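Counting from 1, position 530 in the sequence shown corresponds to residue 529 in numbering that gives the first Met the number 0; the numbering is continuous, with no gaps.
A virtual CB, placed ideally from N, CA and C, is assigned to each residue, including glycine.
Computed from a prediction, not measured in an experiment: that's the story for all the values here.
Okay, structure first, notes after.
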Amino acid sequence: MQTAALVCRDGTADWLCLPRFDSHAAFAGLLGTEEHGYWRIGPAHPSGAAPPRADRRRYRGDSLVLESEWDTARGTVRVIDFMPPRDGAPQLIRIVEGVSGRVPMRSALRMRFSYGRVVPWVHKVGDRTVAVAGPDSVWLDTTADTFGKDLTTYSDFTVSPGERVAFTISWQPSHSGPPALPDPDGSLEATEDFWREWVEHCTYHGPYRDAVVRSLITLKALTYAPTGGIVAAPTTSLPEEIGGVRNWDYRFTWLRDAAITLSSLLRTGYREEARAWREWLLRAVAGDPENLQIMYGIAGERELSEAELSWLPGYENSRPVRVGNGAAGQLQLDVYGEVTEALHLAHMTGLARNDYASLLQLRLIGYLEDHWNEPDEGIWEVRGPRRHFVHSKVMAWVAVDRTIKLIESGDVDGPLERWRELRDDIHRDVCEKGYDKERNTFTQSYGSKELDASLLLIPQMGFLPPDDKRVIGTIEAIQRELSTPDGFVLRYPTAGENAGVDGLEGDEGAFLACSFWLADDLAMIGRVDEARQLFEKLLALRNDLGLLAEEWDPHLKRQVGNFPQAFSHVPLIDTALRLTASSAFGG
């Protein structure tokens, strides 16, 4: 809940930013090579040979404690990886445990700060090893003997049944003294206790509980605990198309992503996260709601300038590698709707009233009143010209509708009649200009023929009832025109080598969130069996640990995009809740 380490099946941690999600990476091998930083622990293997992949791995129960096991010719060994929730700077703890036989093991730690560009000064301080570069230091603590070779810290050792060897790395500002000595076993117990107690608050007990709980844990882990900000994903530049240019930095708090994340957490019993995010929102927006950004840094930072890291070859040669995100300055009118919907849901589920949150909501609608009819960049952050996106207008309607409900409840005062007229004006505008009568479908933008999967949210937001012929027509049109042969859903048409509606060349995979939205809609219009089949096909796309990236490549049959992705796990939860409440399960 401060940063994240990604661990491969061969025991390599090849992505880790310290000390925050959005800090420079100390392990950037994910976007380059081993020269850019990694930490591998696994069975010893011949030089030049590929390291063996674990035969099994799993999370320990409902936790983020990862266990990987190898069966070797000499026995079986387990590596336990976890990051303990703690008030201080983040730690990554890796415990090697002998299961059977006597297994030779190797740890290879190659620290490279600043996304693999800076080789630190590595030296001993007593029994501890420290790597220092600029403002950063990372301390390695272990009972195993270590040695340095080729600017890498190694440890070779053997484990027998029941024997445990622990390794801990701890970040510390380089100008500070050494961090406290770690307690790996005590931290492991505390970490398991933390997650067990947190999961006990989950109010969902339906047939998809394992998938829902894993998604909830993932969303909680993506929450930056010191501030309550929620990152969209802990990675940057994992490509939407292998070898392509659609590579973006997702280590920031999108108001949209965070708002829908909070909605899912609230629906499953988690109010504390909603309170923390609301406080984060009020700090980030401050006294300037008219200049609302679509995203902020995890502590509320506004400047997220975009740059390219030329020395990194990219994930499977997908260039460029980007840090920062230029979309922060875009106009995306739908954000007002998502934020207002989250505040409304928090209010409806009993979160204690915050007067400034109510005032912020009123001021956001005051802004929308003057700007809802302007073109914008839309939910998908197109880099092409602004358009009158239908989804943006629908979400503007949502913002006004939920605020009217707040006024009607008597909690705040506002121009009720004027905003009722505004709500009607937006609704009429969308139905007249965003609907293609000949094809019986809403379109991506006013005057366009293209479809857009975000239109699937029209019934979910209450803009029109599910049984409206225009809603059913839109769902069926998206199934016809935006579905892959597997039945998954593209966001919108892309144009290959030509620049498409989003201003970019290249294509992308099926967007997993959109595919969940389709399952949700199918359930809403009574096609519950079809919805359940699609939902279970989507569950089958998760990796062996139950995690989802942003997209699914229907040609390569693999996940693509930043990982793990909050925007994929949120609709998984929402669709599971809807299916559980449906007649398919006697609800």
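Verify whether the separation of the beta carbon atoms of L415 and I406 is less than 8 Å. Translated into the one-based positions of the sequence shown, residue 415 becomes position 416. Translated into the one-based positions of the sequence shown, residue 406 becomes position 407. Cβ atoms of L415 and I406: closer than 8 Å.
Is the beta carbon of T348 sitting closer than 8 Å to the one on R401? Walking along the sequence shown from the start, residue 348 turns up at place 349. Walking along the sequence shown from the start, residue 401 turns up at place 402. Not closer than 8 Å, so no.
Close beta carbons around A494, own chain, < 7 Å, minus the five adjacent residues each side: Residue numbering aside, residue 494 sits at position 495 when the sequence shown is read from its first letter. For A494, the predicted structure reports a pLDDT of 45, less than 50, and the residue's modelled location is therefore unreliable. The matter cannot be settled from this model.
DSSP-derived helix/strand/coil call for D520: Position 521 of the sequence shown, counting from 1, holds the residue named residue 520. Helix, per DSSP.
Identify whether I241 lies in helix, strand or coil by the three-state DSSP scheme. On the sequence shown, residue 241 is found 242 positions in, with the first residue counted as 1. Three-state result, I241: coil.
Does the contact criterion of 3 or more C-beta pairs under 8 Å hold for the segment 191 to 200 versus the segment 108 to 120? no
Cα-Cα, which of D354, I364, V411, G325 is closest to E376? Numbered from its first residue, the sequence shown carries residue 376 at position 377. Minimum Cα distance to E376 is reached at G325.
What's the C-alpha gap between P134 and W170? Translated into the one-based positions of the sequence shown, residue 134 becomes position 135. Translated into the one-based positions of the sequence shown, residue 170 becomes position 171. Between P134 and W170, the C-alpha separation is close to 11 Å.
Closest to P119 by CA distance: which of C16, R282, S154, A25 is it? Numbered from its first residue, the sequence shown carries residue 119 at position 120. For the residues C16, R282, S154, A25, the minimum Cα distance to P119 belongs to A25.
DSSP-derived helix/strand/coil call for A494: By one-based count along the sequence shown, residue 494 stands at place 495. The pLDDT assigned to A494 is 45, lower than 50, so where the model puts this residue is not dependable; a value taken from the coordinates is nonetheless given after this. In this structure, A494 counts as coil in the three-state DSSP scheme.
Cβ neighbours of D248 in the same chain (closer than 7 Å, five flanking residues each side left out): As a working mapping, residue 248 is identified with position 249 in the sequence shown. Around D248: T235, S236, R321, V322, G323, N324.
Limits of the unbroken beta strand (DSSP E) element including C7: Walking along the sequence shown from the start, residue 7 turns up at place 8. Premise fails: C7 is in no beta strand (DSSP E) and is neither H nor E.
What's the gap between the Cα of R213 and the Cα of V569? Numbered from its first residue, the sequence shown carries residue 213 at position 214. Numbered from its first residue, the sequence shown carries residue 569 at position 570. For R213 and V569, the distance between alpha carbons rounds to 11 Å.
Let me confirm a value: G47 is counted as buried when at least 16 other C-beta atoms fall within 10 Å, else exposed. Which label applies? Walking along the sequence shown from the start, residue 47 turns up at place 48. Exposed, by the Cβ-count rule.
Could you check where the beta strand (DSSP E) with Y366 kicks off and where it finishes? As a first step, residue 366 is located in the sequence shown; it is residue number 367 there, counting from the start. Run containing Y366: none in the beta strand (DSSP E); it sits in the alpha helix (DSSP H), 354 to 370.
Which first and last residues belong to the beta strand (DSSP E) in which A132 is found? On the sequence shown, residue 132 is found 133 positions in, with the first residue counted as 1. 127 to 132 is the span of the beta strand (DSSP E), which, as asked, contains A132.
Proximal residues to D13 (C-beta, below 7 Å), its chain only, five neighbours per side dropped: In the sequence shown, counting from the first residue as 1, residue 13 sits at position 14. Within the same chain, D13 has close Cβ partners L5, C7, F26, G28, L29, Y37.
I'd like the list of long-range same chain contacts for E368, defined as Cβ closer than 7 Å, with 5 residues on each side in sequence excluded. Taking the sequence shown and counting its residues from 1, the one referred to as residue 368 is at position 369. These residues qualify, in order along the chain: L421.
Check whether the segment 526 to 543 and the segment 511 to 518 touch, using three or more Cβ-Cβ pairs below 8 Å as the test. yes
Buried or exposed for K123, please, with buried defined as at least 16 other CB atoms from any protein chain shown within 10 angstroms of its CB. As a working note, residue 123 is residue 124 in the sequence shown. Looking at its Cβ environment, which holds fewer than 16 other Cβ atoms inside 10 Å, K123 is exposed.
Within 8 Å, strictly: CB atoms of A575 and A210: What you label residue 575 is simply residue 576 of the sequence shown in a count that begins at 1. What you label residue 210 is simply residue 211 of the sequence shown in a count that begins at 1. Yes.
Close-in-space but distant-in-sequence residues of the same chain around A283 (CB under 6 Å, 5 per side omitted): Walking along the sequence shown from the start, residue 283 turns up at place 284. So the list reads Y295, G299, once near-sequence residues are dropped.
Quick test of your reading: V334 and R266, contact by CB under 8 Å. State the CB separation rounded to the nearest angstrom. Taking the sequence shown and counting its residues from 1, one reaches residue 334 at position 335. Taking the sequence shown and counting its residues from 1, one reaches residue 266 at position 267. 20 Å between Cβ atoms; not a contact.
Quick check: the Cα distance between A522 and Q292, rounded to an integer number of angstroms? Position 523 of the sequence shown, counting from 1, holds the residue named residue 522. Position 293 of the sequence shown, counting from 1, holds the residue named residue 292. Cα-Cα distance, rounded: 34 Å.
What would DSSP say about I403, mapped onto helix, strand or coil? Sequence index remark: in the sequence shown, residue 403 carries index 404 (1-based). I403 falls in the helix class under three-state DSSP.
Rounded straight-line distance, which links the Cα of L17 to that of P233: Here residue 233 corresponds to residue number 234 of the sequence shown, with the count starting at 1. Here residue 17 corresponds to residue number 18 of the sequence shown, with the count starting at 1. Going from the Cα of P233 to the Cα of L17 covers about 12 Å.
Going by DSSP in three states, I40 sits in which element: helix, strand or coil? Translated into the one-based positions of the sequence shown, residue 40 becomes position 41. Strand.
Under a three-way DSSP split, which group does W170 fall into? Taking the first residue of the sequence shown as position 1, residue 170 is located at position 171. W170: strand per DSSP, three-state reduction.
Have a look at M394, N290, P181 and flag the residue whose alpha-carbon is nearest the alpha-carbon of L463. As a working mapping, residue 463 is identified with position 464 in the sequence shown. Ranking the options by Cα distance to L463, first place goes to M394.
Is DSSP giving R277 helix, strand or coil here? In the sequence shown, residue 277 corresponds to position 278, counting from 1. Reduced to three states, the DSSP call for R277 is helix.
Does the distance from the C-beta atom of A3 to that of A189 stay below 8 Å? Along the sequence shown, read from residue 1 onward, the residue named residue 3 stands at position 4. Along the sequence shown, read from residue 1 onward, the residue named residue 189 stands at position 190. The answer is no: Cβ separation not under 8 Å.
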